[in-house]
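Chemist:
Numbering (full-length UniProt numbering), first residue to last: 1 to 109.
1. Considering only C-alpha positions, which residue in the set 35, 44, 78, 29 is nearest to residue 53?
2. Identify which residue in 26, 34, 95 has its Cα closest to the Cα of residue 78.
3. Looking at the C-beta of residue 92, does it have a partner C-beta in chain C at a distance below 8 angstroms?
4. Just to confirm my understanding: we take residue 9, look at its own chain, exclude 5 residues before and 5 after, and list those with CB closer than 8 angstroms. What are they?
5. Starting from residue 84, trace the beta strand (DSSP E) in both directions and tell me its first and last residue.
6. How far does the beta strand (DSSP E) with residue 62 in it reach, from first residue to last?
7. Which same chain residues end up closer than 6 angstroms to residue 14 when comparing Cβ atoms and leaving out the 5 residues on each side of it in sequence?
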């Protein structure tokens with residue numbers, strides 16, 4: 001069994017707020033694809049389509065989807081929303097990543 005992807009309360013609240021500006025029934029899909037400066041990169045999309053094999057995370061009015069192919073790369077990942085002096089952004093803490101780039105959206109496993 002693959003360890004679940006988790007979404008913090010702060011991230012769920014921010015996603016819910018963003019989804020409020022999207023068409024009704026929209027969800028956030030997070031996937032992993034080849035590319036980026038470290039080999040893999042995260043992709044964030046809004047969708048109204050849910051696949052039968054998606055991991056579905058529902059929290060605080062937000063729905064986050066992770067596809068079956070991306071899940072092994074993201075097992076145990078924690079999605080957070082951080083605000084600091086240089087800006088605000090979603091942050092993925094992935095225990096599978098052996099290295100990542102400075103921007104935090106590209107990683108190596």
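Quick reminder that beta carbons are idealized off the backbone N, C-alpha and C, glycines included.
Modeler: The structure says:
1. The shortest C-alpha separation from residue 53 is found at 29.
2. Put simply, of 26, 34, 95 the residue whose alpha carbon is nearest the alpha carbon of residue 78 is 95.
3. Although the question refers to chain C, the structure presented lacks it and comprises just one protein chain.
4. Contacts found: 59, 60.
5. Looking at the DSSP string, the run of the beta strand (DSSP E) that includes residue 84 is 78-84.
6. Residue 62 -> beta strand (DSSP E) spans 62-66.
7. Correct list, in chain order: 81.
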